[in-house]
Structures are given as structure tokens and as C-alpha cells.
Amino acid sequence: MTDTTSNHGASSPTRGRPDPIGGPASIARSSWRRTLAARGPALIGFGLVVLGLGGVLAQALSKGLGPTGNLPIFILVSMNALALAGLYFLAGSGLTLIFGLMRVVNMAHGSLYLLGGYIAWSLTSKAGLDWFLAIGVATIAIGVVGLVMEEVFLRWNLGQDLRQALITIAISLILADQMLANFGAMAQTITPPPVLSGSAPLPVYDLRYPIFKLVTIGVALGIGILLWVWIQRTRFGILVRAGIDDGAMAAALGVNVRVVFAVAFFIGSCLAGLAGVFGGTILSLAPGLDGAFLLSSIIIVIVGGMGSLIGAAVGALLLAVIQSYAAVYLPSGWSPYAMVLTFVLVAAVLALKPSGLFGRASA
Amino acid sequence: MTAYQLLRRAIPVAVLALAVLTPPVFGTYATSAIGLKTLWLGLVAASLTFLASYGGMVSLAQVGLFGVAGLFTAWLSVDQKLDPWLAAGAGIGLAAVIGLVFGALASGSVGVYFLMITLALAMISYNVFAAVPQFGLHEGINGVFPPAVLGDPVLAPTTYFYFCLAASLVVFALIRYLVRTPFGIALQGVRDEPTRMAALGFNPRVYRTLAFGLGAAIAGLAGVLSVWSNTRMSAGSISLEVTIDVLAAAVIGGLWRLEGAWLGAFVFTVLEIYGPAFTDRYVTIIGAIFLVIVLLSPGGLVGIGSRIDAAVRRVLAGPVAGEGR
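Here is the structure:
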């Protein structure tokens, strides 16, 4: 997965620019000053992370380790961060998968997320369908929507990445308006199934935690592992990677690249739908959330590296941890500035590694 | 042949004449609702078109920068009682500075990466400004009026309309001039061949960053004009929807030609104002037009015009030359 940004030099991020971190060549002729200049931003970034985490931990541990201290709350906040990270990963992994494989930035990804949630919401609260059945239907339905989008609009201009991005933006505009017409402007929430509602005891401090959020964390982990195995270990995954590295050669060797890409787009879209159902159950569904989740997914992909599955996981975790901790642990009055921290995250990663933490710079 | 050439030359003059005659001929409502919005939306779209066509940078941060300038101007002139001219200058200056920072961050990337990074930066800046209570964006800032010289933009928009028209023309001329200067030529070189330009001693990132700063200043000017036209500023003025609106206007008009920005803005504004009378789902219509344009004519309406122009010329040149193309 991580090696997918290597080809297609025309649009690779670092084209025509020397490696900012300094490759072997620059090390060979570097003095300590150059090394400091190259490593300085990394050190500052690392220092910021240590400072932030230190501040959070200092507050968490400030009243000792007892059950009346701040530690139980810290644990709950951390669990919330994990659940949010799970949701972000589900949403972002689909985007990074499609991008990594086909270099298509699906700007309608947020719309697919919201549409998936709305489909499940209609099925459960309007048609009275079982939640588990609804999530299955919604996931497959969004996969099909994505597939149709790919087959009708995107397949024939593969490689024109900007045009494809504009096409998906136009589609997202239409989808957003249609969703507003069909599902209204009111915020809706999907009711979780009885089995998954309620809370479960955590092994520490007699804490209880919502089962559904635990399930979200588990599902995100499971999907992540499945995707990794699928890409790295199965025959189909090998075909996919071959199709990315050299589509023409793969096709010449008898691989039907078109089908491979279509399947990949289908699965990436399914993930958006799945994330929408989880998001609609944990949070809510409302107009505008398509943009919000597109933004989260894009930040994850920028931070983690475009096309990298591990990067998506790390990016989701970083974003969720920053947002969750900032909401609780920033000094009072500073909470409106929580978004500034997200900016710092994106800016720091871009300054350090324009291709993202796990994205490979172009060859 | 010469008659056709004359006709072609006449089109821009006719468009300009139509624009100049808008206030006396079409009345207050058209001037205020369509004219002013076309001009400021066209100006934001032009900042995007400038970056896209000459710098190869399709930026989605323009609305964010537009909002920063508008908001800062509104805040300075209403809450801090500053002179509107000074407030406007400060707003545009702040947008340019933030634009240079954004540009420096994003300039390491091109193409679709650039699009994503600028979208993220714009959305973050929107969220920051929407969240920070001191700016009062949540409730909106009301009563932001242009300097008294320019008159009332809502009730008697004629003077203000001509001011916006003049500003648009100045920006148009400035960009057309700038792309012919050594800086502009180098920028286009960086767009086409960053590696070769780097080898020749031009730092692509510096050129992209400077161009981005200039684009930000233009977007900032548009933001000031917009906040003066609406006499208010709110979070809704710079949300993701507006970002997409600007992109839609620029693409419908033609992302690769400067004049397309205002043409697209005009079409967009007319659809937005008269669309609701026909259907509640006029946004779908705008989206569909956007989609059709991207699919069929990447050059937008201006591109369609150029194609018609080329076809007419082929016909006029005679069948033999035409077939030989």
C-alpha cells in the first residue's frame, strides 16, 4: 500500500524538489549545521508532542491515582479518543485505499459516508429493519453507488486526477442537495441494536463504557487487519498492487486491471457507507457532516500519507487524540482554539514530510 | 472574415458596456443582487483561476482567505471602530500574510495533493474563526458599511457597483500584466517544468508561495467587497458550501481563462437567484451543470466559446483547410 505514490511523476508531491529530510547524498556532504537544519523541524515537532502529552498527563495524574483523582476521567477520555479514531479510520481508510490504488481523490467520500448513514437510518427507523441487516444493506448499497460513480464518470478519464476530483466534487454537491431534500435538515440518530446498547464494565476503577463504542474500536481494528491482509497477502491484493505499479504491464500479462480497480473502488466506497452507519449511531446524521467527515478523512490521509493503510490508522489516532484531549484538557477559555491544534498537526506534518508520515516520496 | 473578426473583438466591449450600463438600465435590485455578487464572486473565482491557470495550483483555500479578510475588516470597523479604508487594508494584508503561510505549507505539493491540502487549511481556518468567540462570527457581525464615499450598497448601489467593477478591472489588468513580467513567466515555467526551473536556479516553492500570497490578497479584496455588499459577515459566508460555490463558478466559467471567473460567477449568481423560483432543488441543477461542464468541456463556458470560435473560423477558412485540421 505504501509504495503507491511512487509512479505517475507528473502529479507526485515532491517532483522537482530535493528531499527535504536529506537523502544519503545530502548526508554525505552535510555538516552538523545542515543536520540540525534538516532535523530541527522534526525535533520541534517531537518536542510539541511531548509537551502536549506531558500537559495532559500532568493534569490526569495531578490528584493521585485513587478513584477520586483525575485518572478515571482520563481513561474515559482516552477511550472516547480511541472510539473516535476507529470511526475516523473507517472513514479515512476507504479514501486512502481508493487514492492509493487509483490515484482518484474521491471528494464525494463524505457524501457517501452520510448517505450510508441515512440509508441505515431509513431502514431502521422508517422500515423497522434490524440494525445488523440495515448496516449490511447500507454498506453494500454505498459500495454500489461508488461503483456506478466509478464506472460512469471516472473510469474513462483515469490519470486526469484533477478532473476526477472536480467530477467527484460536483457529484458531492448534487448528493448533498438530494439528501437535504429526502432526509431533511434535522439531525437524526440511528438507534443501536439492543445487544450493543447499554454499557460494559471496564477492568479499572469500576468504570462502565458504552458497548457500542467498544464495538466500533473492535470493528475498526478488524477492518484494518482484514484490509492489510487483503492487500498484502492475497492473490487479488497482489493483482491490485501490480495494477498500480505498472497497469500496462499487468494488463499485458493477462490481468483485467479494469475489474481490479472497480472492485477496489467498490470496497473503498463500502467502507465509507459502513463508517456512516457507525457514525450515525455514535454521533448523528445531519447536512454538513458530509463535509466534516470529508475533512477528517482528508486530514488523516494528508497526515498519514496518501495511500498508506498504516498511515490512515496513525493519522486517525493522532487526529482523534488531539481533538478529544484538546476538548477536555485545554485551559478553560482556550477550548475554541482546539481546532488550531489540528492546524498545527497538519502544518507540522506538511513541513516535515510533504508526502505524509507513511507516504513514500516520489521516486 | 474581417466581419467575423470585428464581431469577436466586439464581444468583450459589449460585455463591458453591459456591465457599465447595469445600474441605469436594470435597476437597483439587479445591480445589488446580481451585479455586486457577480463582481465579488468573480473576483474570488479569479484568484482561483489565476493560481490554477498560471501557477498550476487549484486552490480550495480561496474562500477561507476571503473569509479571513472579510471577517477581520468587519471586526475592525464595527467592533474596533476603525476607519473602513484602514480596516479593509488590514483585512487584505492579513489574508495575504496567511496566504503566504498556507502557500509555504502547500507549495511542496502539486495537483490533487495541493487541492486536498488547501481544502484542509481552508476548512481549519473556517473552523478556527467560527469557534473563537472574540470574532463574534457565530452571531455574525452586522452593520458593516463601506466608506461613506461609496454610498449605500443596498439601497443606492450605483456608486458602490462602479467601485467593485473598477476593482475587478484593475485586478484583471494587473494579472494580465503580471503574467507577462519575468515573475509571471517564471511562474508559468514552474507550472510546466518545475525540475528544469529548479535546475535553472528558480526555486519552485518560492514562486508558488509568492503567487499564492498574491492570490490570497485578491481573495481578500473580494472578501472585503463581499462584506461591504452584504453589510454583514457570518460563519455561513465562508463555509465549505461557499468554497464549493466558488469552485463551481470558476469551473463553469472556465478554470483556465481569467475572464471565465466572472462569466461563471454571473451564471452561478443568476441560477442562485432565479433558480428557487422554479425548483427547490436548484443546487442540484448547479451541481449538474458543474458536472456536465467538467465532463464535456474542461475549459468551461469560455472553452465552449473558443471551440465555437475555432469551428466558425474553420468554416470561414473554407472546407479544404477545415478538413485538413
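Sequence lines, in order, name chains L and B. Quick note: the first sequence uses our numbering, first residue 1, plus one each step. Quick note: the second sequence uses our numbering, first residue 1, plus one each step. No residue lacks a Cβ here, since even glycine has one placed at the ideal position from N, Cα and C.
Check: Run through the DSSP bridge pairs and tell me what I141 of chain B is partnered with.; Outcome: B:M233
Check: Output the distance between the C-alpha atoms of I289 of chain B and L240 of chain B, rounded to the nearest integer angstrom.; Outcome: 19 Å
Check: Using a cut-off of 8 Å between C-beta atoms, extract the partners of F343 of chain L located in chain B.; Outcome: L121, I124, S125, V128
Check: How many angstroms separate the CA atom of I300 of chain L from the CA atom of L65 of chain L?; Outcome: 34 Å
Check: What three-state label does DSSP hand R8 of chain B in the structure shown?; Outcome: helix
Check: At 3 residues or longer, and completely inside the region 117–183 of chain B: list those beta strand (DSSP E) runs for me, N to C.; Outcome: none
Check: Closer than 8 Å, Cβ to any Cβ of chain B: which residues of the region 296–321 of chain L, in chain order?; Outcome: I298, I299, V301, I302, M306
Check: What residue does the alpha helix (DSSP H) around P72 of chain L start on, and which one ends it?; Outcome: 71–102
Check: Return the CA-CA distance between I282 of chain L and F212 of chain L, expressed in angstroms with no decimal places.; Outcome: 8 Å
Check: In chain L, what lies closer than 7 Å to P298 of chain B by C-beta?; Outcome: R163
Check: For V110 of chain B, I'd like the list of residues in its chain whose CB is within less than 8 Å of its CB, leaving aside the five on either flank, ordered along the chain.; Outcome: G56, M57, P194
Check: Assuming V242 of chain B contacts V294 of chain B (C-beta within less than 8 Å), just tell me the rounded distance between them.; Outcome: Their Cβ separation, rounded to whole angstroms, is 19 Å, which puts V242 of chain B and V294 of chain B out of contact at 8 Å.
Check: If we cut at 9 Å on Cβ distances, does R235 of chain L have a partner in chain B?; Outcome: no
Check: Report the three-state DSSP secondary structure of Y54 of chain B (helix, strand or coil).; Outcome: helix
Check: Suppose contacts are defined by Cβ-Cβ distances below 9 Å. Is G299 of chain B in contact with G260 of chain B by that definition?; Outcome: yes
Check: Could you give the first and the last residue of the continuous beta strand (DSSP E) run that contains Y337 of chain L?; Outcome: That residue, Y337 of chain L, is in no beta strand (DSSP E); it is neither H nor E in DSSP.
Check: How many Å lie between F343 of chain L and A317 of chain B at the Cα?; Outcome: 57 Å
Check: Rounded to whole angstroms, what's the CA-CA distance from W262 of chain B to L39 of chain B? Just pull it up for me.; Outcome: 7 Å
Check: Distance check for F278 of chain L and I217 of chain L, CA to CA, integer angstroms please.; Outcome: 10 Å
Check: How would you list, in chain order, the residues of chain L whose beta-carbon sits under 7 Å from the beta-carbon of R191 of chain B?; Outcome: By Cβ distance, chain L contributes nothing, its closest Cβ being about 11 Å from R191 of chain B, past 7 Å.
Check: With H, G and I counted as helix, E and B as strand and the rest as coil, what does DSSP make of Q160 of chain L?; Outcome: coil
Check: Any beta carbon from chain B within less than 9 Å of F46 of chain L's own beta carbon?; Outcome: no
Check: Verify whether the separation of the beta carbon atoms of T96 of chain L and G243 of chain L is less than 9 Å.; Outcome: no
Check: For the region 103–117 of chain B, which residues have a beta carbon sitting closer than 8 Å to at least one beta carbon of chain L?; Outcome: L105, A106, G108, S109, V110, G111, V112, Y113, L115, M116, I117
Check: Contact criterion: CB-CB distance below 9 Å. Does L166 of chain L meet it with respect to chain B?; Outcome: yes
Check: Hey, would you say L319 of chain L sits closer than 9 Å to A83 of chain L, going by beta carbons?; Outcome: no
Check: Assuming the contact rule is C-beta atoms closer than 8 Å, L207 of chain L and I75 of chain L should be a hit. Round their C-beta distance to whole Å, please.; Outcome: 6 Å
Check: Would you tell me roughly how many angstroms separate the C-alpha atoms of A45 of chain B and L174 of chain B, rounded to the nearest one?; Outcome: 15 Å
Check: Between which two residues does the beta strand (DSSP E) carrying S199 of chain L extend?; Outcome: 199–201
Check: What are the boundary residues of the beta strand (DSSP E) that R281 of chain B is part of?; Outcome: First-last for R281 of chain B: undefined, no H or E at that position.
Check: For L285 of chain L, does the three-state DSSP call read helix, strand or coil?; Outcome: strand
Check: Could you pull out every residue in the same chain whose Cβ sits closer than 8 Å to the Cβ of E151 of chain L, ignoring the five residues on either side in sequence?; Outcome: A262
Check: Can the beta-carbon of L41 of chain B be found less than 9 Å from the beta-carbon of V246 of chain B?; Outcome: yes
Check: Going by alpha carbons, who is nearest to F183 of chain L out of L:I171, L:L285, L:L61?; Outcome: L:L285
Check: Taking only three categories from DSSP, how would you classify P298 of chain B?; Outcome: coil
Check: What distance in whole Å lies between the Cβ atoms of L60 of chain B and L100 of chain B, which are believed to be in contact at a cut-off of 8 Å?; Outcome: Incorrect: roughly 17 Å between the Cβ atoms, too far for contact.
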